[in-house]
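Here's the structure, in structure tokens; my notes come after.
Residue numbers (my numbering), protein chains in the order written: chain A, 17 to 212; chain B, 2 to 169.
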């Protein structure tokens with residue numbers, strides 16, 4: 017069906033000034049011709065605005081993610097334009113859907129193949145806690161096998177919720193200390209999952 | 002001659018003798034119970050006899066009835082005569098202490114995976130099966146999850162408070 021004419025007679029001119037956002041500069045000391053700041057803030061700024069998500073979608077939450085990626089909700093607005101399907105190139109593992117116990121080792125393998133720094137977001141009730149599938153065959157939350165940074169509740173969560181979870185990940189990425197991945201604490205965390 | 006439940010019943014009784022089977026009929030579908038050591042002979046007869054010709058194995062599954070002492074497990078075969086479009090259900094009972102049943106893989110290739118699934122969930126030991134190992138569950142699983150003594154819910158979970166679910 018063609019679009020009714022009445023929608024087209026007074027097209028609104030886009031206000032480009034409002035539409036284009038520029039990331040805020042980190043705190044620092046500015047003078048004439050120079051600017052000093054922490055390395056971690058600059059690295060965090062760059063990382064958080066160019067995340068490469070790896071979608072690990074197994075069920076209905078994956079369908080919601082497809083909507084999130086598509087033009088209406090548009091995850092690309094947050095710098096996650098490029099969804100990769102190779103764990104070697106990605107830095108955000110998005111687990112969406114029920115993970116059966118038999119799928120557990122596969123998910124773990126995908127996580128191990130990702131290079132540091134890497135983040136994990138568990139989208140939906142099943143990935144976070146097993147959801148309604150309190151059953152002998154379903155993993156009761158992916159945090160039993162890999163560390164998770166952000167949980168998105170919902171069954172399935174709406175695209176807004178996934179975007180909110182993504183923004184939370186961006187906050188984590190932006191504030192992360194550049195030495196965190198080398199810290200003793202982080203090693204202990206990985207060791208508690210049997211990863212060295 | 003059309004294949005009816007009565008005619009199937011007569012042919013089977015003529016071949017195996019009176020009192021060999023227990024027949025019943027549910028929703029128009031003939032169901033028969035056979036002794037567990039004779040399951041292959043009955044399947045073979047149902048397959049070979051040209052007037053019966055039950056040559057398609059629709060399904061194999063098991064049922065666990067803990068209150069039925071000595072016959073806790075039953076293996077159920079669903080057979081189909083594709084020419085006459087007649088279906089048949091055959092049950093074989095076995096005790097849970099000694100759940101050994103002859104495999105139907107020599108007769109039906111499709112029985113291979115179905116029997117593996119039945120083994121996986123109920124622990125029925127199909128004697129003579131070429132590759133009797135778990136098919137759907139994780140290999141490390143050390144129990145048969147669809148037996149009634151095992152609760153459906155995952156027992157490894159510690160964060161669920163029963164009171165929140167109204168069963169405290």
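Ideal Cβ positions, reconstructed from N, Cα and C, are used throughout, including at glycine. All values reported here derive from a predicted model rather than from experimental measurement.
Rounded to the nearest angstrom, what separates residue i and residue j at their Cα positions?
i	j	result
residue 112 (chain B)	residue 75 (chain A)	30 Å
residue 166 (chain A)	residue 42 (chain A)	24 Å
residue 69 (chain A)	residue 32 (chain A)	28 Å
residue 86 (chain B)	residue 126 (chain B)	31 Å
residue 152 (chain B)	residue 144 (chain B)	11 Å
residue 151 (chain A)	residue 191 (chain A)	38 Å
residue 146 (chain A)	residue 115 (chain A)	8 Å
residue 86 (chain A)	residue 47 (chain B)	57 Å
residue 194 (chain A)	residue 180 (chain A)	24 Å
residue 169 (chain A)	residue 52 (chain A)	40 Å
Establish whether the CB of residue i and some CB of chain A are separated by less than 8 Å.
i	result
residue 138 (chain B)	yes
residue 1 (chain B)	This structure gives no information on residue 1 (chain B), because the portion of chain B shown stretches from 2 to 169.
residue 154 (chain B)	yes
Just mark residue i as buried or exposed, buried being the case when its beta carbon has 16 or more other beta carbons within 10 Å.
i	result
residue 208 (chain B)	Shown here, chain B extends from 2 to 169; a query on residue 208 (chain B) therefore has no answer.
residue 4 (chain A)	It is not possible to answer for residue 4 (chain A), since the shown part of chain A is limited to 17 through 212.
residue 121 (chain B)	buried
residue 77 (chain A)	buried
residue 183 (chain A)	exposed
residue 171 (chain A)	exposed
residue 176 (chain A)	exposed
residue 20 (chain B)	exposed
residue 37 (chain B)	buried
residue 110 (chain A)	buried
residue 45 (chain A)	exposed
residue 51 (chain B)	exposed
residue 82 (chain A)	exposed
residue 62 (chain A)	exposed
Let me see if you follow: with CB-CB separation under 8 Å, is residue i close to chain B or not?
i	result
residue 144 (chain A)	no
residue 151 (chain A)	yes
**OP:** Jot down the residue ranges of each uninterrupted alpha helix (DSSP H) in the region 139-169 of chain A, minimum 4 residues, whole runs only, in chain order.
**Re:** Here the runs fully enclosed are 140-145.
Original post:
Going along the region 31-61 of chain B in order, which residues come within less than 9 Å of chain A, judged by CB to CB distance?
Top reply: Taking 9 Å as the Cβ-Cβ cut-off against chain A, none of the residues of the region 31-61 of chain B qualify.
Original post:
Taking only runs of the alpha helix (DSSP H) that begin and end inside the region 54-117 of chain A, which ones reach a length of at least 4 residues, in chain order?
Top reply: Counting only runs of 4 or more, we get 55-64 and 76-85.
**OP:** Please list the segments of the beta strand (DSSP E) lying wholly inside the region 40-100 of chain B, counting only runs of 3 or more residues, in order along the chain.
**Re:** DSSP runs (the beta strand (DSSP E)) wholly in the region 40-100 of chain B: 57-65, 74-82 and 87-95.
Original post:
Can you list, in chain order, the residues of the region 153-166 of chain A whose Cβ is nearer than 8 Å to any Cβ on chain B?
Top reply: So the close ones are 153, 154 and 156.
Subject >> Members of the region 114-138 of chain A that neighbour chain B once the beta carbon cut-off is set at 7 Å >> reply: Look at the region 114-138 of chain A: the residues with a C-beta under 7 Å from a C-beta of chain B are 117 and 118.
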